[in-house]
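A.B. asks:
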Amino acid sequence: QWWTYDIDGVPDDAFLAEGVDGQFIYVIPSLDLVVVRNGTYVKDPGPPVADPNLFPVYPSGSLVPGRGTEQPETWSSSAFLVPIVEAIEVDPGG
Numbered sequence: 018q019w020w021t022y023d024i025d026g027v028p029d030d031a032f033l034a035e036g037v038d039g040q041f042i043y044v045i046p047s048l049d050l051v052v053v054r055n056g057t058y059v060k061d062p063g064p065p066v067a068d069p070n071l072f073p074v075y076p077s078g079s080l081v082p083g084r085g086t087e088q089p090e091t092w093s094s095s096a097f098l099v100p101i102v103e104a105i106e107v108d109p110g111g
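Going by the numbering used here, the final residue of the sequence shown carries number 111, and the count climbs one at a time with no gaps.
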């Protein structure tokens, strides 16, 4: 799903998609920039909660309390994107 948020230090035209396991796609049209953040999936070492023939991976997003991969509690889109945005050199000639 696509969202528009105000992200401090990032151009106002930015929008993003949020996926499971902390995956994000950030789009900033004014900078002709797309940034992808892949989440980290950590397979639970315990027994499966579903028939492994039905699901190739363990359910994520805390669907089963204490199991699967959860997003970091302190995730900050601004802290992630601002260094990237600041590193871009805009061509003054257009």
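Each residue gets a CB set at the ideal place from its N, CA and C atoms; glycine is no exception.
For the beta strand (DSSP E) containing A104, list its first residue and its last residue.
C.D. replies: Element bounds for A104: not the beta strand (DSSP E) but the alpha helix (DSSP H), S94 to A104.
A.B. asks: Output the boundary residues of the beta strand (DSSP E) element that contains A34.
C.D. replies: First-last of the beta strand (DSSP E) with A34: F32 to E35.
A.B. asks: Quick one: residues in its chain with C-beta nearer than 7 Å to the C-beta of T21, no 5 flanking neighbours on either side, listed in chain order?
C.D. replies: Once the five neighbours on either side are set aside, the close Cβ partners of T21 are F32.
A.B. asks: Is it buried or exposed, I45, if we count other Cβ atoms within 10 angstroms and call 16 or more buried?
C.D. replies: It counts as buried.
A.B. asks: Whole angstroms are fine: how far does the CA of N55 sit from the CA of S95?
C.D. replies: Those two C-alpha atoms are separated by around 16 Å.
A.B. asks: I45 bridges to which residues according to DSSP?
C.D. replies: Answer is L50.
A.B. asks: Taking the straight line between their C-alpha atoms, what separation do you get for F41 and Y58?
C.D. replies: Rounded to whole angstroms, F41 to Y58 spans 14 Å at the Cα level.
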